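Visitor: Protein sequence lines, in the order shown, are assigned to chains A and B. The first sequence begins at 1 in UniProt numbering and counts up one residue at a time. The second sequence begins at 1 in UniProt numbering and counts up one residue at a time. For every residue, glycine included, the Cβ atom is placed at its ideal position computed from N, Cα and C. Since we're looking at a predicted model, the values are computed, not measured.
Number of protein chains: 2
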Amino acid sequence: MSTNSAGATVRVLLAEDQSMVREALAALLGLEPDIEVVAQVARGDEVLAAAREHAVDVALLDIEMPGSTGIEAAAELHAELPELKIVVLTTFGRPGYLRSAMEAGADAFLVKDAPAAQLAEAVRKVLAGERVIDPTLAAAALAGGANPLTDREREVLRAAADGATNAELATALHLSPGTVRNYLSTAIQKLAVRNRAEAVKVARDKGWL
Amino acid sequence: MSTNSAGATVRVLLAEDQSMVREALAALLGLEPDIEVVAQVARGDEVLAAAREHAVDVALLDIEMPGSTGIEAAAELHAELPELKIVVLTTFGRPGYLRSAMEAGADAFLVKDAPAAQLAEAVRKVLAGERVIDPTLAAAALAGGANPLTDREREVLRAAADGATNAELATALHLSPGTVRNYLSTAIQKLAVRNRAEAVKVARDKGWL
DNA sequence: GGGGCGGCATGACATCTGTCATCCCGGACT
DNA sequence: AGTCCGGGATGACAGATGTCATGCCGCCCC
């Protein structure tokens, strides 16, 4: 159990699947005298156990990871270790990601093309009880509105993303081919596009997929 | 002009668009006593000028960058500064990327989920005249064969990737709609898939797009 | 000079996709 | 009880897409 009192070093967990990036971020944080990276994992489903075992103060989570996403890991951490501060760090500044990260209990949301100095800064701020969110992204998330797709529409769209045909989608999802087309049709209209490919594209880069 | 003689420090240029990753990699390399990161750029089209200005020994290039790709930058460097060693570092281990990186004059090809230690090691090896390539990837590149698509097919497929309709592609590429369909049809057959969406997918993750 | 290949085009045809109207069911809210 | 919404389905229809045969041009190579 760590105390987080002034002067003590912050115990950080790093979750990121690309080793080179992960170890590089560790090196970066290692330069800060008040921060210590005490655990590194490459999969979302190893986050909770590692956080428990190493009694970490702050978890730094990438979203795109095998096993489970950083968002899911954040939700688990928030439920099991409510004291723990969570920083979500991701490649894509998708408004939907920000929204779901916050709903999962994240304290900070950073994109990887922000200056590196913001990383250590964010760690310190969340520890002080602050929340850290890129204002531009926050605006986009609020303006963009919530995900308009129903669960089923999202499922079907996700399944259709790789170019599967309607018949294949139907068998894969245990639906009638006609129903698949109906869901895709409504999704297409809700997203104001003209075919499934465009629908996949916009849903993806809003973080709705 | 640097000498690269034993004992001298290696002058490295880092090209990577995501600041956080770039600065983290710089921190990582900074830990090595014999390596010095003397220049950092975030765009492909700034690589050549920076390499000239800072008299670098090794250029470390990400592929996915705005301006121009790391591959294109590598080709420029190789033509203008043949002495310079080039390490291509990328997120995706696509065989096609490896192939074109090598054709562009790269001396090493690393994927970001290799262990971080390989980065400094690769820098030293290329400087010693060695070539560094992941054997698994090399095998895949050789087995996978060359890109079977013609220039036009690739162009059309790339343009179709975002879900544009045939008519739109036709006007965008100054072609007849029928011709667009012909190209897509041949591309679909060459890639042994059943529609444009799948064609885009497989072309993409072979690095052929 | 003939053959092959790539770029470009057309027309015909079969299938796939997207839309719409319409239906049934169950849960939630008034 | 009535209404709305989401899940699931059917059938009909128009338009988009994929295939194929065929033709023309220009280039390169034997």
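#1: Rounded to the nearest angstrom, what separates Leu119 of chain A and Phe109 of chain A at their Cα positions?
#2: Roughly how many angstroms separate the alpha carbons of Ala122 of chain B and Asp134 of chain B, rounded to a whole number?
#3: Across which residues does DSSP place Lys85 of chain A in a beta bridge pair?
#4: So who's on the other strand from Phe109 of chain B, going by DSSP bridges?
#5: From the DSSP secondary-structure annotation, give me the bridge partner or partners of Val41 of chain B.
#6: Got a sec: which bits of the region 131 to 149 of chain B sit with their beta carbon under 8 Å from any beta carbon on chain A, in order along the chain?
#7: What first and last residue would you give for the alpha helix (DSSP H) that runs through Ala170 of chain B?
#8: Just checking Ala187 of chain B against the ligand ADP - is the residue's beta carbon closer than 7 Å to any of the ligand's heavy atoms?
#9: Check whether the Cβ atoms of Ala73 of chain B and Ala15 of chain B sit closer than 8 Å, and answer yes or no.
#10: In chain B, which residues lie with their C-beta within 7 Å of the C-beta of Leu28 of chain A?
#11: Since Ala197 of chain A meets chain B, which of its residues come closer than 9 Å, beta carbon to beta carbon?
#12: Counting only C-beta atoms, is Lys112 of chain B closer than 8 Å to chain A at any point?
#13: Comparing the C-beta of Asp107 of chain A with each C-beta of chain B, is any distance below 8 Å?
#14: Closer than 7 Å by beta-carbon distance: list the chain A residues that pair up with Ser19 of chain B, in chain order.
#15: Determine the DSSP secondary structure at Val10 of chain B, reduced to helix, strand or coil.
#16: Can you tell me whether Met20 of chain A is buried or exposed? The criterion is at least 16 other CB atoms within 10 Å of its CB, across all chains shown.
#17: Counting along the chain, where does the alpha helix (DSSP H) carrying Glu32 of chain A start and finish?
#18: I want to see whether chain B comes within less than 8 Å of Ala59 of chain A, judged by CB atoms only; does it?
#19: How many angstroms separate the CA atom of Gly70 of chain A from the CA atom of Asn182 of chain B?
#20: Below 7 Å on C-beta distance, what does Leu119 of chain A contact in chain B?
#21: So Ile71 of chain B is in the alpha helix (DSSP H); what residue range does that whole segment cover?
#22: Is the beta carbon of Val39 of chain B less than 8 Å from the beta carbon of Ala27 of chain B?
#23: Between which residues of its own chain and Ser176 of chain B is the CB-CB distance below 7 Å, once the five residues before and five after are set aside?
#24: Quick check on Thr179 of chain A - is its C-beta less than 8 Å from some C-beta in chain B?
#25: Since Thr69 of chain A meets chain B, which of its residues come closer than 9 Å, beta carbon to beta carbon?
#26: Would Asp57 of chain B and Arg11 of chain B qualify as a contact pair, given that the criterion is a beta-carbon distance under 8 Å?
#27: In this structure, how does DSSP classify Pro66 of chain B when only helix, strand and coil are distinguished?
#28: Would a check of beta-carbon distances place Leu31 of chain B closer than 8 Å to chain A?
#29: Mind pulling the alpha helix (DSSP H) runs of 4 or more residues that sit fully within the UniProt domain "HTH luxR-type" (142 to 207) of chain A?
#30: For Pro115 of chain B, count neighbouring Cβ atoms within 10 angstroms of its own Cβ and tell me buried if that reaches 16, exposed if not.
#31: Roughly how many angstroms separate the alpha carbons of residue 265 of chain B and Gly207 of chain B, rounded to a whole number?
#32: How close, in whole Å, do the beta carbons of Leu61 of chain A and Val37 of chain A come, if the pair is a contact with beta carbons under 8 Å?
#33: Compare the C-alpha of Lys112 of chain A against each of A:Ile63, A:His54, A:Ala146 and name the closest.
#34: So, does the CB of Thr91 of chain A fall closer than 8 Å to a CB anywhere in chain B?
#35: If you check the beta carbons only, do Ala159 of chain B and Ala167 of chain B fall under 8 Å apart?
#36: Please report the straight-line C-alpha distance between Leu77 of chain B and Gly129 of chain B, rounded to a whole angstrom.
Guide: By the coordinates alone:
#1: 10 Å
#2: 11 Å
#3: A:Val58
#4: B:Val88, B:Ile133
#5: B:Ala15
#6: none
#7: 166 to 173
#8: Absence of the ligand ADP is noted for the structure shown, with no ligands found whatsoever.
#9: yes
#10: Glu23, Ala24, Ala27
#11: Ala160, Ala161, Asp162, Gly163, Ala164, Arg196, Ala197, Val200
#12: yes
#13: no
#14: Asp113, Ala114, Pro115, Ala116
#15: strand
#16: buried
#17: Note, Glu32 of chain A: premise wrong, no alpha helix (DSSP H); not H, not E.
#18: no
#19: 43 Å
#20: Met20
#21: 70 to 80
#22: Note that residue 39 of chain B corresponds to Ala in the displayed sequence, not to Val. No, the Cβ-Cβ distance between Ala39 of chain B and Ala27 of chain B is not below 8 Å.
#23: Ala170
#24: no
#25: Neighbours of Thr69 of chain A on chain B: none; closest Cβ ~17 Å, over 9 Å.
#26: yes
#27: coil
#28: yes
#29: 151 to 160, 166 to 173, 177 to 190, 196 to 206
#30: exposed
#31: Outside the modelled stretch of chain B, which goes from 1 to 209, sits residue 265 of chain B, for which no answer is possible.
#32: With a Cβ gap of about 13 Å, Leu61 of chain A and Val37 of chain A do not count as contacting.
#33: A:Ile63
#34: yes
#35: no
#36: 17 Å
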